[in-house]
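Enquirer: So the sequence shown is residues 909 to 1237, counted in our numbering.
Cβ coordinates follow ideal geometry from the N, Cα and C atoms, glycine included.
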Amino acid sequence: MVTGGEFELINRLREVLGPPPDGVYRSIGDDAAVLVPPVNKLLFSCDMLVEGVHFRLDFSTPFELGWKALAVNVSDMAAMAGTPRYALVALGVSAADRPFSFYEEIYRGLAGAARRYGVAVVGGDTVRTRGPLVIDVAIMGEADRPIMRCGGRPGDLIAVTGSLGASTAGLEWFLRHRRRLGSPPVERAVLAHQMPEARVREARAAAATGGVTSMIDISDGLAGDLGHLCEQSGAGAVLDAGAIPLDEDAVELARQLGANPMEWALHGGEDYELLMTVAADRAPAVGEAVATCGTSFHLIGRMTAGETGITLRFADRTVPITRGGYTHF
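Here it is as structure tokens:
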């Protein structure tokens, strides 16, 4: 169990976070935070990370764990073209004998991600658990016109930001070699898994063009998350295998590990890139908007009428692909 009392831990974690920003009337220290409400639509989401399920402490540092816990929630805001504003953090302190400094380092990671994305951590809870360490982040954001998963239409083009497969490559390297240091491709891939970037600016820029019809962040793999868009939009999809942007480091690590980087892109997950459908006549404008953020933009397929299945088109054949992706149960 953590050495010291709960309230001392809370006070030390509050010091790590620093003073609240404008818009927060009352932060940590009361029964509830008091916020000045925005004028746009409110967005709420939460994601829980459980030791042994979502992370391993022989792989993740406490700082990286804190960063990722917040960043994956911010990515949910980005997926709806929202701006993240406030977060609550619930910490299930495990029975392992860990000092205050361990939890302070988690909160330094949280605070780093919070500064990166303009989020105020305004409260939360701490509780002892006899099980593993648990971090549960609830986030609130706002959006003028949120982009849903359900707006894709037959004929829309399918697009993705950045590149795919690096996160799974970093994880697979560690699982195979039980170490995270190595060549630059190894270290970049490990960092992609441990400290993902949420595409908030890119999402807002793309949405501002009026050309995005549906959107999701890639947390469960390209196939799985495109499956969500297809299912909720009532459409199918055809992907061009040659257009899917495989991460260069993922390709190199796949070569070394004897793996298939396309499988990592389709079914690995945790890339946290944006996957969207765009009106065909607005695709150039959407791509230009994303490019202004310094991020690449790739057209990788088209939505189709009929069944909600996904097919992958190669130069010489077309094959159906399973949605796959990560599931919790």
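Are the CB atoms of Ala1074 and Arg1242 within a distance shorter than 8 Å?
Expert: The question about residue 1242 has no answer, for the chain in this structure spans 909 to 1237.
Enquirer: Buried or exposed: where does Asp1064 fall if 16 or more other Cβ atoms within 10 Å of its Cβ makes it buried?
Expert: As a working note, residue 1064 is residue 156 in the sequence shown. By the 10 Å Cβ count, Asp1064 comes out buried.
Enquirer: What are the boundary residues of the alpha helix (DSSP H) that Thr1266 is part of?
Expert: Past the boundaries of the shown model lies residue 1266; the chain is included only from 909 to 1237, so the question cannot be answered.
Enquirer: Are the beta-carbon atoms of Leu925 and Val1029 separated by less than 8 Å?
Expert: Taking the sequence shown and counting its residues from 1, the one referred to as residue 925 is at position 17. Taking the sequence shown and counting its residues from 1, the one referred to as residue 1029 is at position 121. Against a cut-off of 8 Å, the Cβ pair of Val1029 and Leu925 comes out as a contact.
Enquirer: What residues are listed by DSSP as bridge partners for Pro992?
Expert: Translated into positions along the sequence shown, residue 992 becomes position 84. Paired residues: Gly1049.
Enquirer: Check this for me: beta carbons of Ser1122 and Ile1055, under 8 Å apart or not?
Expert: Position 214 of the sequence shown, counted from the start, is the residue given in the question as residue 1122. Position 147 of the sequence shown, counted from the start, is the residue given in the question as residue 1055. The answer is yes: Cβ separation under 8 Å.
Enquirer: Please state whether DSSP places Ile1229 in a helix, a strand or coil.
Expert: Stepping through the sequence shown from its first residue, residue 1229 is reached at position 321. Of the three classes helix, strand and coil, the one that applies to Ile1229 here is strand, per DSSP.
Enquirer: If we ignore side chains and look at the alpha-carbon of each, how far apart do Asp1078 and Ala1167 end up?
Expert: Taking the first residue of the sequence shown as 1, we reach residue 1078 at position 170. Taking the first residue of the sequence shown as 1, we reach residue 1167 at position 259. Contrary to the premise, residue 1078 reads as Gly rather than Asp in this sequence. Taking the straight line from one Cα to the other gives about 13 Å.
Enquirer: Report the start-end ranges of each beta strand (DSSP E) in the segment 1150-1207 that is 3 residues or longer and not cut off at the edges.
Expert: You should have 1182-1186.
Enquirer: When you compare only the Cα positions, how much space is there between Gly1026 and Glu1160?
Expert: Mapped onto the sequence shown, residue 1026 falls at position 118. Mapped onto the sequence shown, residue 1160 falls at position 252. Between Gly1026 and Glu1160, the C-alpha separation is close to 35 Å.
Enquirer: Between the C-alpha atoms of Ala1143 and Ala1114, what's the straight-line distance to the nearest angstrom?
Expert: Position 235 of the sequence shown, counted from the first residue, corresponds to residue 1143. Position 206 of the sequence shown, counted from the first residue, corresponds to residue 1114. Their backbone Cα atoms lie some 22 Å apart in a straight line.
Enquirer: Return yes when the Cβ of Leu1041 is within less than 8 Å of the Cβ of Ser1002, no when it is not.
Expert: Counted from its first residue, the sequence shown places residue 1002 at position 94. Counted from its first residue, the sequence shown places residue 1041 at position 133. Yes. Within cutoff.
Enquirer: So, Ala998 versus Asp1033, is the Cβ gap smaller than 8 Å?
Expert: Taking the first residue of the sequence shown as position 1, residue 998 is located at position 90. Taking the first residue of the sequence shown as position 1, residue 1033 is located at position 125. Going by C-beta atoms, Ala998 is nearer than 8 Å to Asp1033.
Enquirer: Quick check on DSSP: helix, strand or coil for Glu959?
Expert: Residue 959 sits at position 51 when you count from the first residue of the sequence shown. Strand, per DSSP.
Enquirer: Which residues does DSSP pair with Met856 in a beta bridge?
Expert: This structure cannot speak to residue 856, because the chain is shown only from 909 to 1237.
Enquirer: When the Cα atoms are used, what is the spatial distance from Ala1213 to Leu921?
Expert: Counting from 1 along the sequence shown, the entry for residue 1213 is found at position 305. Counting from 1 along the sequence shown, the entry for residue 921 is found at position 13. Going by the C-alpha atoms only, they are around 52 Å apart.
Enquirer: Got a sec? Which residues, its chain only, sit under 6 Å from Met1103 by beta carbon, not counting five neighbours each side?
Expert: On the sequence shown, position 195 is the one that residue 1103 refers to. For Met1103, where only same-chain residues beyond five positions count, the Cβ hits under 6 Å are Glu972, Trp975.
Enquirer: Going by CA-CA distance only, name the one from Gly1049, Leu1083, Gly1176, Ala1145 that's closest to Ala986.
Expert: Numbered from its first residue, the sequence shown carries residue 986 at position 78. Measuring from the Cα of Ala986, the nearest candidate turns out to be Gly1049.
Enquirer: Would you identify the three-state DSSP class for Cys1138, choosing helix, strand or coil?
Expert: Reading the sequence shown from its first residue, position 230 is the one you call residue 1138. DSSP places Cys1138 in helix when its eight states are reduced to three.
Enquirer: Where Leu1137 and Val1035 are concerned, what is the direct C-alpha to C-alpha distance, given to the nearest angstrom?
Expert: As a position in the sequence shown, residue 1137 is number 229, starting the count at 1. As a position in the sequence shown, residue 1035 is number 127, starting the count at 1. If you take the alpha carbons of Leu1137 and Val1035, they lie about 37 Å apart.
Enquirer: My assumption, with CB atoms under 8 Å, is that Glu1110 sits in contact with Leu1182. Please give the rounded CB distance.
Expert: As a working note, residue 1110 is residue 202 in the sequence shown. As a working note, residue 1182 is residue 274 in the sequence shown. Rounded, the Cβ-Cβ distance is 6 Å, consistent with contact.
Enquirer: If you reduce the DSSP assignment to three classes, tell me which class Ile1055 lands in.
Expert: Numbered from 1 along the sequence shown, position 147 holds the residue referred to as residue 1055. Coil.
Enquirer: Answer with buried or exposed for Thr991, where buried requires no fewer than 16 other C-beta atoms within 10 angstroms of its C-beta.
Expert: The residue given as residue 991 occupies position 83 in the sequence shown. Classification of Thr991: buried, given that the 10 Å Cβ count is 16 or more.
Enquirer: In the DSSP assignment, what are the bridge partners of Lys949?
Expert: Indexing the sequence shown from 1 puts residue 949 at position 41. DSSP output for Lys949 lists Ala1051 as bridge partner(s).
Enquirer: What is the DSSP secondary structure of Met909, counted as helix, strand or coil?
Expert: Position 1 of the sequence shown, counting from 1, holds the residue named residue 909. Confidence at Met909 is low in this model, with a pLDDT of 48, below 50, so the placement of that residue should be treated as unreliable; the coordinate-derived value is given next. If DSSP states are grouped into helix, strand and coil, Met909 belongs with coil.
Enquirer: In this structure, what does DSSP give as the bridge partners for Ala998?
Expert: Stepping through the sequence shown from its first residue, residue 998 is reached at position 90. DSSP, once it has assigned bridges, lists Asp1033, Asp1044 as partnering Ala998.
Enquirer: Would you kindly work out how many angstroms separate the C-alpha atoms of Pro927 and Ala979, rounded to a whole number?
Expert: By one-based count along the sequence shown, residue 927 stands at place 19. By one-based count along the sequence shown, residue 979 stands at place 71. Straight-line Cα distance between these residues: approximately 20 Å.
Enquirer: Taking the straight line between their C-alpha atoms, what separation do you get for Glu959 and Leu965?
Expert: In the sequence shown, counting from the first residue as 1, residue 959 sits at position 51. In the sequence shown, counting from the first residue as 1, residue 965 sits at position 57. Straight-line Cα distance between these residues: approximately 8 Å.
Enquirer: Is Ala1114 near the ligand COA, in the sense that its beta carbon is under 7 Å from a heavy atom of that ligand?
Expert: For the ligand COA, the structure offers nothing, since it holds no ligand at all.
Enquirer: Where does Arg934 sit, in a helix, a strand or coil, going by DSSP?
Expert: For the purposes of this step, residue 934 is taken as the residue at position 26 of the sequence shown. Correct three-state label for Arg934: strand.
Enquirer: From Cys1201, Ala1046, Arg1057, Tyr1011, pick the residue whose C-alpha is nearest to that of Glu923; which is it?
Expert: Counting from one through the sequence shown, the residue named residue 923 turns up at place 15. The candidate whose alpha carbon is nearest that of Glu923 is Tyr1011.
Enquirer: For Asp1052, which residues of its own chain have a beta-carbon under 8 Å away from its beta-carbon, when the five flanking residues on both sides are left out?
Expert: Position 144 of the sequence shown, counted from the first residue, corresponds to residue 1052. The residues are Asn948, Lys949.
Enquirer: Under DSSP, the beta strand (DSSP E) around Ala1004 begins and ends at which residues?
Expert: Looking up residue 1004 in the sequence shown gives position 96. It is not in any beta strand (DSSP E) - Ala1004 carries neither H nor E in the DSSP assignment.
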